[in-house]
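Some notes on the structure that comes next.
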C-alpha cells in the first residue's frame, strides 16, 4: 500500500483502458467462477479495476478461473471462458469466489482443500453473494465477520451460528473479504482502490462509473420504499421481521406499533392487498424457504426457525404459497 497519495489523477486515457496481463499490472485478482454465478456481481467486481487502468498507470489485472479450467455458464445462461483452473493457484495467492444459485452443487472436497491451502499459507480469500457458504464450509471464516446477500442470512445463521454476520454490504479485512454481491462489489473495489492508491483515484473511478459510493447501512431504494409507507406500517413490518422465529399474535403487534388492529388492517390492505396476519405469514414462509434453499437444514428445523410449531400446518401453508412441498425445496438445497 502506498504511503503518499497523489493529489489528483490525470484525465483518463483517450484510448480504451488496457487489458493487462499479470506481469504488466501492479495487482492481480484471481476470480473463481462457480457455475450459475451472478454475472452482475462479476461485472461490478471487475469494472472498477478496468476503469482504474484508464488513469495513466497499469494498476490491475485479473484471471478468471474455474474448478476444471473449462468455461462456466452464469445464472443468466451466458458462457464465460476462463484463464486457468483452480488447482494451479499458488499457495499464498489471493482468491475471490463468485457464486449465486446452488453454490454447493459443484463444489467438492478438492475445491475446499484449495481454499484451506491458501488460508494456511497466509493468502487472502474473498466471497460474494452466496460464496461465503463455500468459504464457511471449508472452515476458513473462523474469527471473521461475514457479509453476504440478505436473502442468505437466515440460512447462513442457521448453519453457522458461531460465525458473526455483518449487516454491512461488505466486510474488508486484511485476509478475508466478503460481501453481498451485485452493486456492493463496486463499493468493495473502490474501497480497495482507495486503500492502495488513495481517495482521489477511488472517487475518480466512481465518477467514471456514474456510481454514488454507498454511505450508511440503508440503501437508497430501501429508504424510498419506507418513505412511501405510513409510519405505523413500517413499524409493524419491523416488529414482524424481528419476530419471525417466535411469531407474535397480531394484537401484540398492534400494541407494539401503537395502532388499533382495525386501522392497521385497513392500511395493510391498502398498501399490500393483504391483512397483517397474511403478510406476517408470508414473511415467515419466505424465511423458511430461504433456509431450505440455502442450507442443509431439515424441514422441521426450517419450520421452527420461521415460528411454526405444527409441521402439518407449515407444510400446507408452504405448499399454498410456493406450489411445492418444503421437502422438495430442502432436497435442492442439500445437493
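Residue numbers (the working numbering): 99 to 433.
In this text, a Cβ means the ideal position worked out from N, Cα and C, and glycines have one as well.
Strand pairing of residue 182, partner residues [DSSP]: 163
Three-state secondary structure assigned by DSSP to residue 128: strand
Residue of 235, 245, 214, 215 minimising C-alpha distance to residue 227: 245
Proximity of residue 280 and residue 342 at Cβ, strictly below 7 Å: no
Beta-carbon proximity list for residue 401, same chain, < 7 Å, skipping 5 on both sides: Once the five neighbours on either side are set aside, the close Cβ partners of residue 401 are 386, 409, 412.
Helix, strand or coil at residue 262 [DSSP, three-state]: In the structure shown, residue 262 falls within a strand segment according to DSSP collapsed to helix, strand and coil.
DSSP beta-bridge partners of residue 304: Note: residue 304 sits in no beta bridge, so no partner.
Distance between beta carbons of residue 135 and residue 198, contact taken as under 8 Å: 5 Å
4 or more residues per run - each alpha helix (DSSP H) lying fully within the stretch 390–428: 397–403, 409–420, all fully within the stretch 390–428.
Whether residue 223 touches residue 187 by CB criterion (7 Å): no
Residues that DSSP places opposite residue 269 in a beta bridge: 276
For residue 327 and residue 363, the rounded distance between their alpha carbons: 14 Å
Local Cβ density within 10 Å of residue 368, reported as buried at 16 or more and exposed below that: It is exposed - the Cβ of residue 368 has fewer than 16 other Cβ atoms within 10 Å.
Within-7 Å CB hit, residue 137 to chain D: As a matter of chain content, chain D is missing from the structure shown, which is built from one protein chain.
Length of the line joining the Cα atoms of residue 138 and residue 175: Answer to the nearest angstrom: the Cα atoms are 13 Å apart.
With 16 other Cβ atoms within 10 Å as the buried cut-off, status of residue 171: exposed
Three-state secondary structure (DSSP) of residue 283: helix
Sequence-distant residues of the same chain with beta carbon closer than 6 Å to residue 333, five excluded per side: Beyond the five residues adjoining it in sequence on each side, residue 333 comes within less than 6 Å, by CB distance, of 355 in the same chain, given in chain order.
Span separating the alpha-carbon of residue 158 from that of residue 389: 37 Å
Enclosing alpha helix (DSSP H) for residue 143 [first to last residue]: 137–150
Spatial distance of residue 286 from residue 209 (CA atoms): 25 Å
C-beta contact flag for residue 308 and residue 149 at 7 Å: no
Three or more C-beta pairs below 8 Å linking the stretch 211–218 and the stretch 231–248: yes
CA-to-CA distance, residue 384 to residue 425, given in whole angstroms: 15 Å
C-beta contact flag for residue 284 and residue 146 at 7 Å: yes
Per-residue DSSP class, three states only, for residue 293: helix
Which of helix, strand or coil DSSP assigns to residue 316: The pLDDT assigned to residue 316 is 37, lower than 50, so where the model puts this residue is not dependable, and the model offers no usable value.
Residues near residue 366 by beta carbon distance below 7 Å, same chain, minus five either side: 331, 372, 373, 374, 377
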